[in-house]
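Chains as they are written, first to last, in my numbering: chain A, 27 to 332; chain B, 27 to 332.
Have a look at this one:
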């Protein structure tokens with residue numbers, strides 16, 4: 027029987043200063059947990075665990091609550107919220123980090139209440155693999171663990187990450203991270219090696235080129251949706267993860283290779299909606315109809331007309 | 027009614043010196059017309075127009091003839107065959123050109139006999155746009171003109187290329203070339219601009235990420251097939267074009283958006299077979315069953331299992 031499960035999302039909340047070709051946007055609300063929570067809340071109930079400083083934006087917390095996101099797990103610490111500043115190239119593909127201030131995020135210790143520990147489905151955002159493991163330790167056996175990571179942890183904490191992987195069902199990383207994690211350049215053999223280390227499903231994000239899913243059934247490819255205009259790529263990957271896990275949570279009890287592949291379409295659609303606006307502006311007002319319309323558009327990309 | 031039409035292919039024939047991660051291969055037979063002719067001959071009769079020097083490999087000409095490729099249009103000029111030398115990165119994505127010697131190709135003047143001028147379908151390989159135009163001038167109204175070009179002509183001969191485009195039905199280029207040709211970074215708007223200048227169909231090759239087709243029906247995306255092992259990417263684009271046009275020629279009389287999209291699958295499959303060996307080794311022994319098996323594998327990449 028299919029039921030709609032709540033999702034636990036653990037990750038960062040931040041202020042971003044964005045230099046985009048269309049202008050400079052200071053103090054934009056960002057962070058992996060923020061994007062993923064807005065995205066997932068299009069599909070299901072979300073409970074978020076994160077830390078913000080005493081300068082964080084109350085309007086964003088209210089916007090999350092309005093979408094059914096429980097914000098009780100967002101710790102308000104004394105000090106400043108995590109800040110990131112970046113400048114995008116004119117083509118919106120390349121970007122440089124201008125500044126990173128961890129602030130209260132430096133001492134982030136995820137604290138789970140019952141509403142969090144009992145979630146059957148969890149998205150472990152890109153945080154220290156030890157913290158990701160602590161979240162799983164505090165949970166009462168989640169049915170589905172989806173995790174993100176990055177080069178910083180792959181090279182800096184290889185043993186901690188290796189210990190985490192057997193506890194992860196779905197790992198979501200990009201091409202470069204897959205190559206670094208596996209030590210194998212060929213993406214197909216890299217995927218096989220990573221799956222051997224734990225996750226039954228590996229998703230490789232390829233930006234504008236879409237995403238690949240590898241599981242025991244084979245390989246599934248979703249093309250990126252060629253938008254007429256991309257405004258801000260920030261949060262695309264987190265919105266993908268949020269849309270992906272949100273769709274899965276809405277299909278609890280029948281998550282199989284078919285549903286996992288369909289969730290890839292929904293994640294891709296969610297990400298493509300996100301990048302149509304600055305920061306979280308699009309993803310925080312997303313409704314299911316918007317995502318479904320984009321899913322239909324994405325499907326036409328690989329349908330043969332008769 | 028569907029009939030099988032002969033294809034005219036005009037382009038380069040060459041010797042390549044390849045430095046691959048798996049070894050160095052000197053005097054490998056290459057060239058756009060060579061790869062495309064071997065590829066297209068898997069599907070239909072091919073007639074090639076090119077120039078080689080008196081040092082060219084007789085075995086390759088015999089191999090072409092064996093596959094039903096008419097080589098009477100290959101001029102044997104006094105002097106040396108076009109040579110290219112390149113070194114691939116360990117990842118087989120980046121490559122540097124070490125040497126280019128145009129030799130007899132510098133004075134290439136395509137000479138068409140009746141068997142060439144009456145072909146209903148033509149692939150204009152990547153040569154000077156003036157030569158491409160001369161080929162069309164010499165033909166008795168081909169039904170389908172497919173053309174390739176490159177940055178060298180886009181920047182060096184913009185007017186000649188602009189004059190050619192209204193005579194081209196299907197243009198095949200890569201992302202970077204589409205951006206340079208249109209002056210627009212966004213790939214979707216770039217495609218619309220290029221189609222406005224002539225070709226009803228634009229195909230954008232994206233290497234390992236597959237290819238996109240833009241026509242009046244919309245956009246079609248074919249993912250690259252993730253191979254366990256890529257040996258030599260040389261000639262992948264030309265094999266794509268050859269497989270694509272070969273499939274179309276085998277469906278003369280019913281070339282429509284459906285057939286054009288299916289031809290994309292066959293072109294992608296042909297290219298993915300090509301790169302499994304050094305030089306033309308794989309594409310020159312290709313049989314339809316090999317391509318069809320790969321088409322099935324590519325289709326599973328975007329099929330939702332039930």
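Virtual Cβ for every residue (Gly too), placed ideally from N, Cα, C.
Pairing residue 89 of chain B with residue 208 of chain B, the inter-Cα distance amounts to about 39 Å.
Taken through DSSP and simplified to helix, strand or coil, residue 251 of chain A comes out as coil. Per the C-alpha coordinates, the member of B:298, B:239, B:255 positioned closest to residue 330 of chain A is B:239. Cβ-Cβ distances below 6 Å link residue 94 of chain B to 67, 71 in the same chain, with the five nearest sequence neighbours on each side left out; the list follows chain order. Residue nearest to residue 149 of chain A within the set A:56, A:265, A:77 is A:265 (criterion: CA-CA distance).
Counting along the chain, no alpha helix (DSSP H) covers residue 45 of chain B; the unbroken beta strand (DSSP E) around it starts and ends at 40-46.
Against chain A, the CB of residue 177 of chain B has no partner CB under 8 Å away; the residue lies outside that interface. Note that the C-beta distance between residue 46 of chain A and residue 304 of chain A is below 8 Å.
For the 8 Å CB-CB criterion, residue 96 of chain B and residue 77 of chain B do not form a contact.
CA-CA distance, residue 53 of chain A to residue 171 of chain A, rounds to 32 Å.
Between the C-alpha atoms of residue 233 of chain B and residue 167 of chain A there is a straight-line separation of about 42 Å. Residue-level contact check: residue 294 of chain B does not touch chain A, since none of the beta carbons of chain A fall below 8 Å from its beta carbon. Under the Cβ distance rule, residue 314 of chain B does not count among the residues neighbouring chain A, no pair being separated by less than 8 Å. About 5 Å separates the Cβ atoms of residue 79 of chain A and residue 130 of chain A, confirming a contact at the 8 Å cut-off. A straight line joining the alpha-carbon of residue 225 of chain B with that of residue 31 of chain B spans about 21 Å. Secondary structure at residue 186 of chain B: helix, using DSSP grouped into helix, strand and coil. In chain A, no part has a C-beta under 9 Å from the C-beta of residue 278 of chain B; the shortest such distance is about 19 Å.
In the three-state reduction of the DSSP assignment, residue 210 of chain B falls in the coil class.
Within the same chain, 34, 73, 75, 99 come within 7 Å of residue 142 of chain B by CB-CB distance, once the 5 residues on both sides are set aside. Residue state for residue 152 of chain A is assigned as coil, using DSSP reduced to three classes. If the five residues before and after residue 249 of chain B are omitted, its C-beta is found closer than 6 Å to the C-beta atoms of 236, 327, all from its own chain and listed in chain order.
Any Cβ of chain A closer than 8 Å to the Cβ of residue 232 of chain B would place that residue at the interface, and such an atom is present. For residue 263 of chain B, the enclosing alpha helix (DSSP H) has its first and last residue at 262-275. In the structure shown, the three-state DSSP call for residue 324 of chain B is helix. For the stretch 201-230 of chain B, residues whose beta-carbon sits nearer than 7 Å to a beta-carbon of chain A comprise 211, 212, 213, 214, 215. Setting aside the 5 residues that flank it on each side, residue 216 of chain B is surrounded in the same chain by 204, 205, 208, 210, each with a C-beta closer than 7 Å to its C-beta; the list follows chain order. Sequence-distant partners of residue 247 of chain B (beyond 5 residues in either direction) whose C-beta falls short of 6 Å from its own C-beta, in its chain, are 238. Within chain B, no C-beta atom comes less than 8 Å from the C-beta of residue 263 of chain A; the nearest is roughly 17 Å away. Chain order gives the chain A residues near residue 254 of chain B as 212, 214, 215, where near means a beta carbon separation below 8 Å. For residue 105 of chain B, the closest C-alpha among the options B:114, B:127, B:273 is that of B:127.
Listed along chain A, the residues sitting closer than 7 Å to residue 326 of chain B by beta-carbon distance are 244. With a beta-carbon spacing of about 12 Å, residue 82 of chain A and residue 38 of chain A fall beyond the 8 Å limit used to define contacts. Between residue 306 of chain B and residue 41 of chain B, the C-beta gap is not smaller than 8 Å, which leaves the two residues out of contact. A:197 is the residue among A:197, A:202, A:308 whose C-alpha sits nearest the C-alpha of residue 223 of chain A.
The Cβ atoms of residue 320 of chain B and residue 295 of chain B lie closer than 8 Å to each other. Within 7 Å of the CB of residue 249 of chain A, the CB atoms of chain B belong to 247, 249, in sequence order along the chain.
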